[in-house]
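Undergrad: Next up is a structure, given as structure tokens.
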Amino acid sequence: EVYHALKRILHQKFGAGSTNVGDEGGFVPPLKKTADTLDLIRKAIRSAKYTGRVKIALDLAASEFFVDGRYRIDGKKLTSEQLVDYYVSLVKRYPIISLEDPFDQEDFESFHMLKEKLKRKKTQIVGDDLTVTNLERIDAALTEKSCNCLLLKVNQVGTLTEALDAAALVRR
13 EVYHALKRIL HQKFGAGSTN VGDEGGFVPP LKKTADTLDL IRKAIRSAKY TGRVKIALDL
73 AASEFFVDGR YRIDGKKLTS EQLVDYYVSL VKRYPIISLE DPFDQEDFES FHMLKEKLKR
133 KKTQIVGDDL TVTNLERIDA ALTEKSCNCL LLKVNQVGTL TEALDAAALV RR
């Protein structure tokens, strides 16, 4: 219902072309800033009458906008610390409950900084590209206290046994 409300909102605001979808089913409207996107999603939640009941989970895939040691977002080049503050501000402003891959896949420390800053908000900090369901990378994430949520993907690790071993490691 929220998806269809968003489609109506985008169609009214930007025309029919804005409701074309990408390869994973997401809309591709001509938006420049993250806040513009989140404002429209919040408006769709409100329009569908789910305010307070529907929350937002973001797959940020930050490795894709990590260039030359900086995160390029909203026309800015941010350090890891600045990006932590940026994410914290978004979580305060919008009903965001989960941030997946908020930093580069090698940036275990920044995952930890964000997790600590959002501890009181109980926001999931999800390791997907960070851990890739790999026991060694999961162990490193546990040691660094980088995440509080694991995305377990059998197709990443190779076998069901390895995926079960990864789940057992996290549970321990």
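13 is the number of the first residue of the sequence shown in this note's numbering; add one for each residue after it.
Glycine is no exception: its CB is placed at the ideal position from the N, C-alpha and C atoms.
Report the residue ranges of all alpha helix (DSSP H) runs contained in full by the region 18 to 95; include only those spanning at least 4 residues, in chain order.
TA: If we require 4 residues or more, the alpha helix (DSSP H) runs fully inside the region 18 to 95 come out as 46 to 59.
Undergrad: Among the candidates Leu52, Thr145, Met125 and Val138, whose CA atom is the shortest distance from the CA of Gln24?
TA: The option with the nearest alpha carbon to Gln24 is Leu52.
Undergrad: My output table needs one value for Glu174: the three-state DSSP class, helix, strand or coil.
TA: Three-state result, Glu174: helix.
Undergrad: Residues in its own chain within less than 7 angstroms of Leu90 by CB, not counting five upstream and five downstream?
TA: Closer than 7 angstroms at Cβ, skipping near neighbours: Arg82, Tyr83 and Tyr98.
Undergrad: So for Val138, helix, strand or coil by DSSP?
TA: Strand at Val138.
Undergrad: Quick check: the Cα distance between Met125 and Thr63, rounded to an integer number of angstroms?
TA: Taking the straight line joining both Cα atoms gives about 29 angstroms.
Undergrad: Quick check: what's the CA-CA separation for Val40 versus Ala56?
TA: Their Cα atoms are separated by approximately 15 angstroms.
Undergrad: Mapping DSSP to helix, strand and coil, what is Glu112?
TA: Correct three-state label for Glu112: strand.
Undergrad: Tell me the residue span of the alpha helix (DSSP H) that contains Asp151.
TA: Leu147 to Glu156 is the span of the alpha helix (DSSP H), which, as asked, contains Asp151.
Undergrad: Tell me Leu162's beta-bridge partners as DSSP assigns them.
TA: In the DSSP output, where bridge partners are listed per residue, Leu162 has Gly139.
Undergrad: Whole angstroms are fine: how far does the CA of Lys67 sit from the CA of Ala74?
TA: Whole-angstrom Cα-Cα distance: 21 angstroms.
Undergrad: Are the beta-carbon atoms of Ser30 and Pro42 separated by less than 8 angstroms?
TA: Contact flag set, yes.
Undergrad: Is the beta carbon of Val144 sitting closer than 8 angstroms to the one on Ser122?
TA: The answer is no: Cβ separation not under 8 angstroms.
Undergrad: Specify the secondary structure class of Tyr106 as computed by DSSP and reduced to three states.
TA: Residue state, collapsed to three classes: coil.
Undergrad: Return helix, strand or coil for Val144, following the three-state DSSP convention.
TA: Three-state result, Val144: coil.
Undergrad: Going by beta carbon distance, what residues of the same chain come within less than 6 angstroms of Lys133, once the five residues before and after it are set aside?
TA: Same-chain partners within the cutoff: Val103.
Undergrad: Could you tell me the distance, in whole angstroms, from the CA atom of Arg149 to the CA atom of Val14?
TA: Each residue's Cα considered, the two are about 36 angstroms apart.
Undergrad: Distance check for Leu142 and Ala175, CA to CA, integer angstroms please.
TA: About 15 angstroms.
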